[in-house]
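Trainee: Protein sequence lines correspond, in order, to chains A and B.
Start counting the first sequence at 3; every next residue gets the next number (this note's numbering).
Start counting the second sequence at 155; every next residue gets the next number (this note's numbering).
Attaching a single structure in structure tokens format; questions to follow.
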Amino acid sequence: DAGVTQSPTHLIKTRGQQVTLRCSPKSGHDTVSWYQQALGQGPQFIFQYYEEEERQRGNFPDRFSGHQFPNYSSELNVNALLLGDSALYLCASSAKGQDYGYTFGSGTRLTVV
Amino acid sequence: QKEVEQDPGPLSVPEGAIVSLNCTYSNSAFQYFMWYRQYSRKGPELLMYTYSSGNKEDGRFTAQVDKSSKYISLFIRDSQPSDSATYLCAMQRGGRGAQKLVFGQGTRLTINP
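This is how it looks when you write it as structure tokens:
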């Protein structure tokens, strides 16, 4: 049973560019959340998607946007990249009615130069 | 002030030692308390969870929650080199639907053979 799959694993972008990260949730899961983990820090919540709509959002600017598709997979888009956006971006999935213990993917390491 | 505080370490102990990891928090609304383990270049993996106050034991791991003190702990008995990882505490409000996780900074633990 495949867990949460994220692509790409690594990415290098130039300041000002735009990036799209992808996530396929664990089989049977329908809710996807995205987290940003800076080096040496804990993950920080970006937003959550359920039924193709953004349900919750953390303290991130509008440059961060997302999408969820009918098959529950999700994309995270970041526009006008800043050096400070360099981080590990984690996707977590959960099932409807699951209150805790989300399953995380291995993340996408984004480096902005 | 951060909602969740965790000493980042690093913490280095000999194999077989008892390890104590701790977090404090400020938000009384937190109902679910979790410990995640994160190996290098991997996503967080759920290790233990506790609902509300109390203790929970799973093999060599024991999680404790003291809501009156807003303090949670993870104890690792008979520590092994394979336990070397970053340990993240995470907390979550109660309520319907998947709530966002609020993480501590993570404690980097090394078990020396």
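Note that CB positions come from ideal geometry on N, CA and C, so glycine has one too.
#1: In this structure, does DSSP put B/L255 in helix, strand or coil?
#2: Any Cβ of chain B within less than 8 Å of the Cβ of A/S35?
#3: Tell me the start and end of each unbroken beta strand (DSSP E) in the segment 42-76 of chain A that is at least 3 residues and wholly inside, in chain order.
#4: Output needed in chain order: residues of the segment 42-60 of chain A with a Cβ under 8 Å from some Cβ in chain B.
#5: Report the neighbours of A/F106 on chain B: residues whose CB is nearer than 9 Å to its CB, in chain order.
#6: Please specify which runs of the beta strand (DSSP E), each continuous and at least 3 residues long, are wholly inside the segment 187-232 of chain B, giving them in chain order.
#7: Quick one, which residues of the segment 202-217 of chain B are near chain A if we go by CB-CB under 7 Å, in chain order?
#8: Under 9 Å between beta-carbons, which chain B residues line up against A/L92? List them in chain order, please.
#9: Helix or strand or just coil, what does DSSP make of A/L85?
Mentor: The relevant details are as follows:
#1: Note: B/L255 maps to coil in three-state DSSP.
#2: Chain B, which has a Cβ nearer than 8 Å to the Cβ of A/S35, makes this yes.
#3: 46-52, 55-59, 66-70, all fully within the segment 42-76 of chain A.
#4: Taking 8 Å as the Cβ-Cβ cut-off against chain B, the residues of the segment 42-60 of chain A that qualify are G42, Q43, G44, P45, Q46, F47, Q50, Y52, R57, Q58, G60.
#5: Neighbours of A/F106 in chain B, taken as residues whose beta carbon is under 9 Å from its own, are Y190, Q192, K196, G197, P198, E199, L200 in chain order.
#6: Here the runs fully enclosed are 199-205, 208-212, 215-220, 225-230.
#7: Residues Y203.
#8: Contacts between A/L92 and chain B, judged by CB atoms closer than 9 Å, involve G197, P198 in chain order.
#9: Reduced to three states, the DSSP call for A/L85 is helix.
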